[in-house]
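Heads up: the structure comes next, in structure tokens.
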Amino acid sequence: MTGRAPIDIHPAPHVHGGDSVPRIMLHVVIALLPVCAFAIYLFGLAALATLTVATIACLLTERVFARDEHSTLGDGSALVTGLIYGLTLPPALPLWMVALGGVVGIGIGKVLFGGLGGNAFNPALVGRVFLQAAFPAAMTGYWLAPLGSDRFVSLPGTTTALPLLAPEGAAVDALTSATPLGDWKFAGAETPLLDLAFGMTAGSTGETSALLLMLGGLYMVAMRVADWRIPAALLGSVALASAALHGLDPERHPDVMFALCSGGLMLGAWFMATDPVASPLTPAGAWLYGLCIGLLVVLIRAFSGQPEGVMYAILLGNAIAPHIDRWLQPTPYGAGSGQS
Amino acid sequence: MAEALEELHAETATERLQAGLWRQNPILVQALGMCPTLAVSNTAANALTMGLATAAVLLGSALVISTLRETIPRQVRLASFVLVIATFVTITDMLIEAIAIEMHRALGAFLPLIVANCLILGRIEALASRRSPRLAAMDALGMGAGFICCLLALGAVRELLGQGTLFGIMLLPERFEPWVVMLLPGGGFFALAALVLAFRWVQGHADVVERAR
């Protein structure tokens, strides 16, 4: 794909490169497995239930909308969407909300746009942004403390709330721990860097471990299923912009390593911004796209009322991706030379 | 000329009444008057008031303009239409302020803005200014009723999901988790899209049945 050197196009016959949607999706799932396993280790049954319900909701929605000969269930794209979507959710979110967001993500975010390849926005994030708008309190408050003592024994009371109903007040009170970004923004407290890098913090189910996410991302880059330019531009611009802000006012703005390892940045940069459908096609476009998302992330984190902005930044990046493609359309060989 | 047109589009009053309710529904098919549709359909009561006010203005202006259609010079017709519409909007605005001041506050600028609702000017330019008052009135009634029905459906869905209530009465269980998004403008788009989807689906099936006959 975009990861290769300029290609010479020859007339037929051509040799098939062996790339296929199921192969790409398989590599993404492999890259996600350590992240999922760590999430279950960290948050226990709650993470397992969230990931399972998210995946099943996405698969079922895909099954219902695209039946018979149009079925795209087998290509694995809905499975990947379901896993990534589950990883972005707070671990103690009521399971009925998890299911609802999955239906919205695949149903509205993907199938209504024409299925795989037609979606303008990352379906996992469409599901998440719907939940964020519909249930803001749950989406910004239902965190679990990492390594809770009874995490493999019982589910949190909020997880098992009955469909369409709010959890018991006592169950909500039992939840703890703001996320590292929330701590920084609202309490001015900094989380130790080692905890951030290894993921021993509260946060969305699969966003905590920066190192595992990076490992999965590098695997995808090595397997050429993700364009390395996008995470490079995204993380690079976040690093530069954070360094500039931290230099100006170290009291208000966290340092570069904190900015890179906290929140959903790693998950978003490696697994969501690189969605081949919703990102630009050309190498220059990928750089510009990553840069825009990175700057938006820093802008939202630093100057909005919300502690985290990766989701909105990527969705806005998806929105400008077609325009980037139009601005940076490569010139065909030999064209344009006669015009000057 | 005018009579030839009338001849060409010979439509009965009943057909005009039905058109607004279904086949040419102002919201679902013509997509007219989207601004109030999305902005004030967050509760059923707001939606119903807005629908009734718009329908009343439409009916009044359609009747007056249809009666005066031979008198209004063609060159200044739009200005004349707006003048008539604005008169009825002012009357409606003052009426609602007198009857229900709270509702008047809730609807805010959207009541005076009925004057700019393209549904009203559209129906008057397309039909009322060319037809008899009887046909114009039936068309206005049909379009008004279609507008009210859609607005009410949107308002009911958004209020029920967004607050668990309908006309302020709690319908869902005490611990219902409200979908905050449905009260926000985004929820208006979701509900409208779902309504249009349902309409197209039903209409598509009806067309298939009709073609099979």
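Chains as they are written, first to last, in the numbering used here: chain Z, 320 to 659; chain C, 57 to 269.
Backbone N, C-alpha and C fix where the C-beta goes; we use that ideal spot for every residue, glycine too.
As the structure is a prediction and not an experimental result, all values here were calculated from the model.
Could you tell me which of the options sits nearest to residue i, measuring between CA atoms?
i	options	result
Z/L435	Z/Q648, Z/L584 and Z/S390	Z/S390
Z/S396	Z/G437, Z/G363 and Z/A621	Z/G437
C/I176	C/S188, C/H160, C/G224 and C/A193	C/A193
Z/V557	Z/L615, Z/L647 and Z/L408	Z/L615
C/L239	Z/W589, Z/F454, Z/A490 and Z/L392	Z/F454
Z/I425	Z/R382, Z/P599, Z/L584 and Z/A411	Z/R382
C/L183	C/A95, C/A87 and C/L119	C/L119
Z/R645	Z/V629, Z/G624 and Z/S598	Z/S598
Z/V617	Z/A638, Z/T601, Z/A578 and Z/A464	Z/A578
Z/G583	Z/T498, Z/G488 and Z/F440	Z/T498
C/A247	C/R231, C/R214, C/E266 and C/L227	C/R214
C/T123	C/A201, C/L94 and C/S185	C/S185
C/L163	C/L94, C/E126 and C/G243	C/L94
Z/A456	Z/L412, Z/Y652 and Z/T510	Z/L412
C/P189	C/R125, C/A254 and C/A262	C/R125
C/F223	C/P229, C/A154 and C/A212	C/A212
Z/L481	Z/S339, Z/L414, Z/G566 and Z/P442	Z/L414
Z/L494	Z/N637, Z/K504 and Z/W462	Z/W462
Z/P345	Z/Y360, Z/H335, Z/L364 and Z/V399	In the sequence under discussion, the amino acid at residue 345 of chain Z is Leu, which differs from the Pro named in the question. Ranking Z/Y360, Z/H335, Z/L364 and Z/V399 by Cα distance to Z/L345 puts Z/V399 first.
Z/G604	Z/A529, Z/A640, Z/P465 and Z/L406	Z/A640
At the level of alpha carbons, what is the spacing between residue i and residue j?
i	j	result
Z/D546	Z/G613	16 Å
C/V132	C/Q259	39 Å
C/T68	C/A75	11 Å
C/L88	C/P82	6 Å
C/S117	C/V140	6 Å
C/M90	C/A249	12 Å
Z/C611	Z/L553	8 Å
Z/I349	Z/M539	9 Å
Z/G467	Z/T527	15 Å
C/A156	Z/L484	34 Å
Z/M576	Z/E570	15 Å
Z/L292	Z/P602	The structure shown does not extend to residue 292 of chain Z, since chain Z is modelled only from 320 to 659, so the question has no answer here.
Z/I619	Z/E627	7 Å
Z/P666	Z/V544	Chain Z is shown only over 320 to 659; residue 666 of chain Z falls outside these bounds and no answer can be derived.
Z/T479	Z/P595	35 Å
Z/A592	Z/V354	17 Å
Z/F471	Z/L531	22 Å
Z/M533	C/G178	57 Å
C/G243	Z/T650	42 Å
Z/L352	Z/M458	24 Å
C/L151	Z/L379	52 Å
C/E71	C/I121	21 Å
C/G202	C/L228	28 Å
Z/F517	Z/A368	22 Å
Z/L559	Z/D338	35 Å
Z/V347	Z/P475	29 Å
Z/A441	C/S97	The question names Ala, but residue 441 of chain Z is Asn in the sequence shown. Taking the straight line joining both Cα atoms gives about 29 Å.
Name, please, each residue of chain C whose Cβ falls closer than 8 Å to the Cβ of residue i.
i	result
Z/A485	R231, F232 and E233
Z/P455	V236
Z/F449	V237
Check the DSSP bridge columns for residue i and list the partner residues they point to.
i	result
C/F144	Paired residue(s): none; C/F144 is not in a bridge.
C/T221	C/M226
C/F232	Z/L484
Give me the chain Z residues within the contact set of residue i, using Cβ-Cβ distance strictly less than 9 Å, ordered along the chain.
i	result
C/L240	A452
Excluding the 5 residues preceding and the 5 following residue i in the sequence, name in chain order all residues of the same chain whose CB lies nearer than 6 Å to its CB.
i	result
Z/A358	A366, T524 and G525
C/I128	S136
Z/F590	I403
Z/A508	D502
C/L104	L208
Z/D394	V340 and P341
Under 8 Å Cβ to Cβ from residue i, same chain only, skipping five residues before and after it: list those, please.
i	result
Z/G420	A373, A376, Y404, L408, G446, R447, F449 and L450
C/T148	A109, A112, V113, L167 and I170
Z/A621	L564, R571 and H572
C/E153	H160
For a test of your reading of the model: does the CB of residue i fall under 7 Å from any non-hydrogen atom of the ligand MN? Yes or no.
i	result
Z/G405	Annotation note on the ligand MN: not contained in the displayed structure, which lists no ligands.
Note down, in chain order, each residue of its chain lying with its Cβ closer than 7 Å to the Cβ of residue i, except the 5 sequence neighbours on either side.
i	result
C/E63	Only weak support is given to the placement of C/E63: the predicted model assigns it a pLDDT of 44, under 50, and the value that follows is read from those uncertain coordinates. Excluding positions up to five away in sequence, the list is empty.
Z/K491	According to the sequence as given, residue 491 of chain Z is Val; it is not Lys. Within the same chain, Z/V491 has close Cβ partners T477.
C/L115	A193, A196, L197 and G200
C/P234	G218, Q219 and G220
Z/W606	R548 and A552
Would you say residue i reaches chain A, if we count a Cβ-Cβ gap shorter than 8 Å as a contact?
i	result
Z/A452	Annotation note: the requested chain A is absent from the structure, which comprises protein chains Z and C.
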